[in-house]
Amino acid sequence: MMTIDPDRLELADGQRVLDLGCGRGRHLHALYWHERALDVTGLDLDFADLGAAIDGFFELPPPPETPPRTAVFTVGDAGRLPFADASFDAVICSEVLEHLPDVPLALSEIDRVLKPGGKFALSVPRYWPEKICWMLSEAYHNTPGGHVRIFKDGALRKQVEALGYSFRHRHWVHALHSPYWWLQCALWERREQSGMVAAYRKMLEWDLLSAPRLTRWSEKALNPLLGKSVALYFDKARP
29 MMTIDPDRLE LADGQRVLDL GCGRGRHLHA LYWHERALDV TGLDLDFADL
79 GAAIDGFFEL PPPPETPPRT AVFTVGDAGR LPFADASFDA VICSEVLEHL
129 PDVPLALSEI DRVLKPGGKF ALSVPRYWPE KICWMLSEAY HNTPGGHVRI
179 FKDGALRKQV EALGYSFRHR HWVHALHSPY WWLQCALWER REQSGMVAAY
229 RKMLEWDLLS APRLTRWSEK ALNPLLGKSV ALYFDKARP
């Protein structure tokens, strides 16, 4: 389930890409198997998720041998990235910032490791669908490791632009997931026993695996209105 569109990063063979907060590797895997031969690095604070991301590389067929490509994994903190200055041609940070106690620190670290002229793509939960989740369930946003803030994308865009970035594009994704999370939040204490939640989850899993035209077209049409997440794309200024 992709949130960031790798094609909007305009990548070239041999470039280094960081997936910051890679989780179980959904973007990392897509970048490694991208038509461009990339050197990808996945960083996450959760060792178990990082292990799942590594396992995923062995569940898919190998990519073409030429041009060569590499994948590197590391446990790390977004507020103190273990990389040298100007190490990467592009950075992805998807569904991470809403979890962090210090967003400006994380953005400054991203800026430090990204080369001048590099590409930066981020995604966060969209303001109003996330606001409904918070209204429906206090436990939803008080879960350890959960969401600690709600972003307005205009304010977040200005925060990144203030670091010397130019905004390129915005889009919304995962419209079918908004009602699912509202349902979970409304039934939070009994969501694991709910037949409605289970049925909706099964539908989303079927959609992910089968990608039927009806749901793909429906979600594309609904994304501007109901999209659960917003994705923003930037270019870092050159000297």
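Residue 29 is where the sequence shown starts when you use the working numbering, and the numbers rise one by one after that.
Yeah, the Cβ is synthetic: ideal placement off N, Cα and C, and Gly gets one too.
Query                                                                                                                                                : Result
Exposed or buried, what is residue 154 when buried is set at 16 or more other beta-carbons lying within 10 Å of its beta-carbon?                     : buried
Let's test the definition: count the other Cβ atoms within 10 Å of the Cβ of residue 188 and tell me whether it reaches 16, buried, or not, exposed. : buried
How many angstroms separate the CA atom of residue 140 from the CA atom of residue 200?                                                              : 27 Å
Would you call the segment 141 to 160 and the segment 79 to 86 in contact, with 3 or more CB pairs under 8 Å?                                        : no
Taking the beta carbon of residue 86 as the centre, do at least 16 other beta carbons fall within 10 Å, making it buried, or is it exposed?          : exposed
Does the distance from the CB of residue 263 to the CB of residue 194 come in under 7 Å?                                                             : yes
Indicate the three-state DSSP secondary structure (helix, strand or coil) for residue 243 in the structure shown.                                    : helix
What's the gap between the Cα of residue 251 and the Cα of residue 142?                                                                              : 30 Å
Cβ of residue 120 within 7 Å of Cβ of residue 32?                                                                                                    : yes
Is residue 46 buried or exposed, if buried means 16 or more other CB atoms sit within 10 Å of its CB?                                                : buried
According to DSSP, which residues form a beta bridge with residue 6?                                                                                 : Outside the displayed range of the chain (29 to 267) lies residue 6, so it cannot be described from this structure.
DSSP beta-bridge partners for residue 259?                                                                                                           : 151, 199
Which word fits residue 165, buried or exposed, when buried means at least 16 other C-beta atoms lie within 10 angstroms of its C-beta?              : buried
In terms of alpha-carbon separation, which member of 235, 114, 226, 197 lies closest to residue 209?                                                 : 226
Buried or exposed: which applies to residue 72, given that a residue is buried once 16 or more other Cβ atoms fall within 10 Å of its Cβ?            : buried
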